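Numbered continuously in UniProt numbering, the sequence shown closes out at residue 635.
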Amino acid sequence: MTASNNPPSPSGPPSGPPPGQQPPKGGEPRPRRVRTAREFNAQLVSLRTSKGLTLEELNKRSAGRLPKSTVSNNLNKNTLPARDFVKRYVRACEVDDDEAARWLSAWQTLSRPPAPAPWRRLVAAFAGTPRTLRGSLPRGSLLAVIMAVVLIAVIVWWRENPAPPTAPAASAQHCNTANQNLITAANGECVGVTDGSDGTDLFGPALRPVMAKIAAANKQAVKTGRYVTIAFLGPLTSAPDGGQDFTGGRAAHELEGAFIAQKTANDSRNSLKVRLVLANEGSDETSWESTVETLKTMVGAPHHLVAVAGLGLSQQESVDAARLLAKPPAIPMVADIITADGFDATGTIDGKDKIPGLARVAPNVSDQLRAISKELAERYRLRNGTADDQPSAALVRSEVTFNGAPDLYTTSMANAFKNEDLGLARYLKKANLNFGFNPKATNTAALLKSISDGLCGKSIPDMVFYAGRATYLPDFLDLLKKRSCHRTKITVVTGSDAAVLPADLLAPDDEAPIEVIYVPLADPKHLDSQDNPDRGLYTDFKDAFTKERFPVAHLDTGWAIMAHDAVVTLTTILGKAANDPRTGKEIMPTADDVSAGLTILSSTNVISGASGIFNIHPETGNRSSTRELKPVHRP
């Protein structure tokens, strides 16, 4: 595979002065003169202070992506900061392109292990020996000395260069592999791109079984000589040491679903085979840029990368990744679990340009809450007296991730709850209770307790509209059970992320009656029901899934189903583009062919996914189907 431009941060001496302090004087920072990680970090501090920037101003210039804690964590370590951090940092310092390149070049140099001295240097050191000895030694002795010198040089070279591609120093930087597209991140996670042949444990033991299957399938696909590559991009690893992440172990579900789609395509009669590579952005997606840059190098031979599936979660890093993928050489994308409103080809998610080539197969947040609003209106129709008789709801909202980056999923939910057109805003107006929740806080449990206590005032709301990640929902539900007004029933309305909640989390409890309502991305119970007109598509997928010995419980979150359908969307297009209908000749599809195919998935050009038959809107890239979204109630 082509080498990545983003090697890891090796260990080094303690870094320079804390980011809030002035570095030693010495004029303008000169990154190329540094020789250690300590000097490099000190020069970064010097760069900021030479520009007269405070930490607050630096964070503002980076659009909130360089908070003080992030700067401190990166510059007060015994290692180089990550390349993405350096790139973002120098950009926030508003250096020109040439200076930014010098900083990244210096980082690149420091990140490499010292190259062993060539054996010729040793020979050169003895260059004068024969001349010195020529007059004092017999001819045979002189020849013996020369041969001894050469032999010593060869032995030294062999000992210092046993196997350059797998030398320990290089291997440690690349997740203990020889694949330079894999990077050992500062927190120990393995990020980057692999086809599975580098090892099945790279992304953790939970992914081992499916990675082994993907590696074997890829090996067979490449053998045919006629194959294209699809990359599955996302946060595939869990945070180390029990740290926070939003996937909740569901990355394994995604890859299992994606593999079933790959296997189905490769088992078909089509001679074109699919190679599926895994592109890990890290549990917090902060390695999105280096990973996407690697994917950009894989367009064309020998990898034949034609599309990207997955794309991660509805957060700012995913938007940035999509925008970079859309730039030349553009790579088309099909997102599997992204639901934030406006995170589509229109690009309205952040008010910037369109994102051409982006499609998605999951229902967006507004569609989910519209289905819930319809059901609530029917439920409370009996209470159609005066305005005072109408139910009320409090809003709990989160606007950022635990990294401080904008959380587009939760923000979309909060906006949808307040959207008059969806019909839920009226419940919020009645209670007039609005609680903010910040995942960056060190004591999130205390915040959630304060919120739950705040629901037991003079007027107790009937519902809580929870615009937050499901990661924090179990703790919040537990606190609701313990609040002073716990005997009053409360209904928690939230988004599809709640499908990750354990099946036994909520049991009927008359002492603390709590109900959770959400619309899942794909509900196995509904898909497997007799009234589902596309039931056969789901049961075929389920049979293939369980035949591979994947846990059937992994279907419950909907992530396996959505990932499968994202890849099936691409394999459907590739299957049609692989042959010329006029001549019947085989054609090698390109990324442009896939991009064009995504714009004509309307009318009778449908995708037959595990979640049912659907189309892709030619302008927005959103899924459209006749499948009715049905809310799930728990317990």
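All C-beta atoms in this analysis are idealised placements derived from N, C-alpha and C, irrespective of residue type, glycine included.
Keep in mind the model is a prediction, meaning the values are calculated, not measured.
Simplified DSSP state of residue i, which is helix, strand or coil
i    : result
Q220 : helix
R634 : strand
F550 : coil
S624 : strand
F203 : coil
S602 : coil
L505 : coil
E586 : strand
V86  : helix
E378 : helix
R360 : strand
R33  : helix
A522 : coil
F343 : coil
A186 : coil
C-alpha distance - residue i paired with residue j, whole-angstrom precision
i           : j    : result
I355        : E511 : 50 Å
V632        : I517 : 6 Å
K430        : T70  : 40 Å
K418        : A425 : 5 Å
A106        : V274 : 39 Å
V95         : G404 : 24 Å
L369        : A498 : 13 Å
Q21         : V90  : Low confidence applies to Q21: its pLDDT is 38, below 50, so where it sits in the model is not reliable enough to give any reading.
A446        : S459 : 22 Å
L122        : L313 : Confidence in L122 is poor, its pLDDT being 43 and thus under 50, which makes the residue's placement unreliable; the coordinate value appears in the next sentence. The alpha-carbon atoms of L122 and L313 are separated by roughly 54 Å.
N438        : A578 : 49 Å
H253        : S238 : 13 Å
residue 642 : K576 : This structure does not reach residue 642, given that the chain is present from 1 up to 635, and the question cannot be answered.
P635        : D341 : 28 Å
D453        : H486 : 10 Å
D504        : P474 : 11 Å
R120        : Q173 : Confidence in R120 is poor, its pLDDT being 46 and thus under 50, which makes the residue's placement too unreliable to answer from.
L255        : R61  : 37 Å
D580        : D593 : 12 Å
K630        : A359 : 23 Å
T572        : N432 : 49 Å
A206        : F550 : 11 Å
E375        : T264 : 37 Å
8 Å contact criterion, which residue i and residue j should meet: CB distance rounded
i    : j    : result
S625 : G612 : 6 Å
A566 : A221 : Not really, about 19 Å apart at Cβ, beyond 8 Å.
S373 : G300 : With a Cβ gap of about 48 Å, S373 and G300 do not count as contacting.
V334 : V361 : 7 Å
R397 : G457 : That belief does not hold up - the Cβ atoms of R397 and G457 are roughly 18 Å apart, past 8 Å.
N615 : L601 : 5 Å
G52  : E189 : That belief does not hold up - the Cβ atoms of G52 and E189 are roughly 35 Å apart, past 8 Å.
G490 : L480 : The question names Gly, yet the displayed sequence has Ile at residue 490. Between L480 and I490 the Cβ distance is about 6 Å, and since that is below 8 Å, they are a contact.
Pick from the options that is closest to residue i, judged by C-alpha positions
i           : options                   : result
T557        : G536, F550 and P524       : P524
A522        : P551, M463, N364 and T546 : N364
A470        : V500, L305 and K327       : V500
V319        : S46, I349 and F203        : I349
residue 650 : I460, L574, E57 and T411  : Nothing in the structure corresponds to residue 650, since the chain is present only between 1 and 635.
S272        : N615, P618, A92 and L570  : At residue 272 the sequence reads Leu, which differs from the Ser that was named. Per the Cα distances, L570.
E515        : L276, V492, L455 and A212 : V492
Q43         : E57, L104 and E56         : L104
V277        : G243, I183, T264 and V228 : V228
A610        : N532, F40, N176 and H486  : N532
M463        : S608, A394, K585 and K213 : A394
I338        : H304, R33, N622 and N41   : N622
F435        : N443, S238, L455 and A441 : L455
P81         : E99, L295, L55 and Q108   : Q108
T442        : E548, V568, Q315 and Q244 : Q244
H304        : L376, A231 and P240       : A231
T346        : L58, D478 and E619        : E619
A101        : F246, S111 and K87        : K87
S366        : D344, S412 and R323       : S412
Contact check, residue i vs residue j, beta carbons under 8 Å
i    : j    : result
A251 : L236 : yes
D198 : N218 : no
Y409 : G495 : yes
L233 : T286 : no
I561 : G249 : no
N280 : G192 : yes
A321 : W288 : yes
R30  : C93  : no
P391 : A591 : no
E399 : D407 : yes
N74  : K68  : no
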